[in-house]
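Okay, structure first, notes after.
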Amino acid sequence: MMAFQELFKGHWEAGSRWLQFAALHFDVSVLEQYWSWSVGITVVSAPRELILDDLAGAINELGITHIDLTPSLARLTHPDDVPSLCRGVFITGGEQLQQEILDNWGPMAVIYNAYGPTEATIGVTMYQRVPVNGRPSNIGRQFPNVGSYVFHPMTEIPVLRGGVGELCVSGKLVGKGYLNRPELTEDRFPTLAGFGERVYRTGDLVRILHDGCFEFLGRADDQVKLRGQRLEIGEINHAIRAGAPDIHDVATTLVRRETAGKDVLVSFLVTKQPPDVPQDLSVLPDVDGAGARARAACLERLPAYMVPTYFLRLPRIPLSPNNKVEAKELKALFAGLSHEELMKLAAATPSAHGSRLDKDAFEKVVRTVSEFCNVSGDKITQSTKPKGSGQPRPLCY
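Our numbering puts the sequence shown at residues 3 to 399.
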């Protein structure tokens, strides 16, 4: 609590109002309620559905000056629409800060980029008043009551200063473990033999910058492998947002296609829609060519192996109770699509230049490519299967 008082010093007053928005089982709710009360800030609340229905309108109606949102929600706001937030504190956390949020809010100097897993309540680091030219990956310095180590993943070997490693944190804020999960608790909350200190292994990759701040480089499990190539999911989302600014939201995930027996990258896109579009989570026809624009953005900015196979348009990106992207729902939605449905959705997509391809010809091309992928596979897969043998042969480099 004392760390927050120092970080926010001079940025609250008698008329400040903090929106209590986080679910009560989420540790951020402790900050929203008890720290606010401790310094005399008014805590304001409203039904969650009403807030999400019109986030900017709710902020204005309630006169909110202080707020904590995940980047998935923060990107729906703009200083021109919610001027009251320009007088206070705007915390983003739970996901990596996005450049477009900094582009909009950086000149206001109210963004506080927070980092802290639930297992280390309430937080671990914070980059205060992020400038417009600040790095979205900079999560600031650790709090005074936090101990930190940067190890080579799954070891107790420290990396050199500036090297990339797994962040492990210690201190009174570290939880006791997971309820009725003794094996997982032992794995994630070990006592370091060489240091004699109990830590929480975050699973997050960081490096220490020259000024003592931490640079967040993503989760170790977000750096997935696709056909032998390691890639970062966040880079794909950033490329789409940068190259297709009319796409309001995007989430990319690695999905297993059981029928083909292989993993594919799928990007889910949200564009501006008429108010009468149903908000039920379902794939919409890509009538405005958002998929083609997203693909073109990826082809321009990313290597070929990082370009998603499918771009599907949704009315919204599903969020968890903690306001983070719910990847499980996205994977389940894709898994429920048949091969024919995927071809139909692809055939309905206009080209990046706005012209409509001949539907029969397009379906024929998609079918041919799809059949090739199912039968032949990619180069890496095929290179492990010599002719006349059912057993894979190791690749030599």
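Beta carbons: idealized from backbone N, C-alpha and C, even for Gly.
Keep in mind the model is a prediction, meaning the values are calculated, not measured.
In the structure shown, the three-state DSSP call for Asp-56 is coil. Taken in chain order, the complete alpha helix (DSSP H) segments of 4 residues or longer contained in the region 32-93 are 50-55, 57-64 and 73-76.
Within its own chain, the residues whose Cβ lies closer than 8 Å to the Cβ of Pro-146, once the five positions on either side in sequence are excluded, are Met-4 and Ala-5, listed in chain order. Taking a cut-off of 8 Å on C-beta distances, the region 143-157 does not touch the region 95-113, as fewer than three cross pairs fall below it.
Under the DSSP definition of a beta bridge, Phe-313 partners with Ser-269. Across the set Pro-192, Cys-170 and Val-166, the C-alpha of Pro-192 shows the shortest separation from the C-alpha of Lys-178.
Residues of the same chain with a CB within less than 6 Å of the CB of Pro-133, apart from the 5 flanking positions on each side, are Gly-108 in chain order. Per DSSP, the unbroken alpha helix (DSSP H) holding Asp-189 starts and ends at 184-190.
The C-beta distance from Thr-67 to Arg-19 rounds to 5 Å, short enough to meet the 8 Å contact threshold.
One thing to note: Val-285 has its Cβ within 8 Å of the Cβ of Leu-335.
Take the alpha-carbon of Ser-31 and the one of Glu-342: they are about 45 Å apart. The beta carbon of Ile-242 sits closer than 7 Å to those of Ile-249, Val-252, Ser-269, Ala-296, Ala-299 and Cys-300, all from its chain and outside the five residues before and after it, given in chain order.
Taken through DSSP and simplified to helix, strand or coil, Arg-259 comes out as strand. Ranking Gly-90, Asn-106 and Ser-74 by CA distance to the CA of Glu-97 puts Ser-74 first. Beyond the five residues adjoining it in sequence on each side, Val-46 comes within less than 6 Å, by CB distance, of Arg-19, Leu-21 and Leu-64 in the same chain, given in chain order. By the neighbour-count definition (other C-beta atoms within 10 Å, threshold 16), Arg-143 is a buried residue. Taking C-alpha positions only, Pro-323 is separated from Phe-153 by approximately 31 Å.
Counted as a single uninterrupted DSSP element, the alpha helix (DSSP H) harbouring Leu-301 occupies residues 292-303. Minimum Cα-Cα distance from Val-41 among the listed residues Asp-56, Lys-11 and Arg-50 corresponds to Lys-11. Taking a cut-off of 8 Å for Cβ pairs, the region 164-178 and the region 119-127 touch, as three or more such pairs fall below it. Annotated three-state conformation of Phe-153 is strand, per DSSP. Taking every protein chain shown into account, the CB of Leu-207 has 16 or more other CB atoms within 10 angstroms, so this residue is buried. Just so you know, the alpha carbons of Leu-9 and Gly-59 end up roughly 28 Å apart. The distance from the Cβ of Thr-94 to that of Ala-122 is about 18 Å, inconsistent with a contact at the 8 Å cut-off. Annotation for Asp-29: Thr-120, Thr-123 and Ile-124 place their beta carbon closer than 7 Å to its own, counting only its chain and skipping 5 residues before and after.
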